[in-house]
Each structure stands twice: as structure tokens, then as C-alpha cells.
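Peer 1: One structure is given below, represented as C-alpha cells, and several questions about it will come after.
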Amino acid sequence: MNKKGQEEGGSSMFRYTLIGVVFTLLVFVFILVISQGFRETLINGAKDMMKNLLSFLR
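In C-alpha cells, the structure reads:
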């Protein structure tokens, strides 16, 4: 019983950690890019990242 509960908890915890890391990276890249003024690069990078994320989730 206990082991099964831990596995489910760990799975959701890992998912939230992954989302947190991705979000932090996105914010960091966003700030970095905006501070240098490369808005086009940001938009293209965001599109590529979304494509990669979608293909990764499939």
C-alpha cells in the first residue's frame, strides 16, 4: 500500500518539478533575450521550443 502511494506521489512530484524547471528556464531565457533586444530570436525560439515540447509529449 505504502509503496504504491509513494510511486504515485513521486510521479506527480516529478511532473511538477519538470514544469517548474521548464518555466524557470523560459523566464530566464525571456529576460536574457529581452535585455539584449532580440525579440525575433525569442519568437522563433519559443516556436521551436513549443514544437519540441509537443513532439516530446507525444
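So that you can map any letter, position 13 of the sequence shown is 12 in numbering that gives the first Met the number 0, and since no number is skipped, the others follow by simple counting. Ideal Cβ positions, reconstructed from N, Cα and C, are used throughout, including at glycine.
#1: Using the three-state DSSP reduction, which class does Arg57 fall into: helix, strand or coil?
#2: Do you know offhand how far Gln35's Cα is from Phe29's?
#3: Of the choices Met12, Ser54, Leu41, whose alpha-carbon is the least far from that of Leu25?
Peer 2: Taking the structure as given:
#1: If DSSP states are grouped into helix, strand and coil, Arg57 belongs with coil.
#2: For Gln35 and Phe29, the distance between alpha carbons rounds to 10 Å.
#3: Taking only the C-alpha atoms, the option nearest Leu25 is Leu41.
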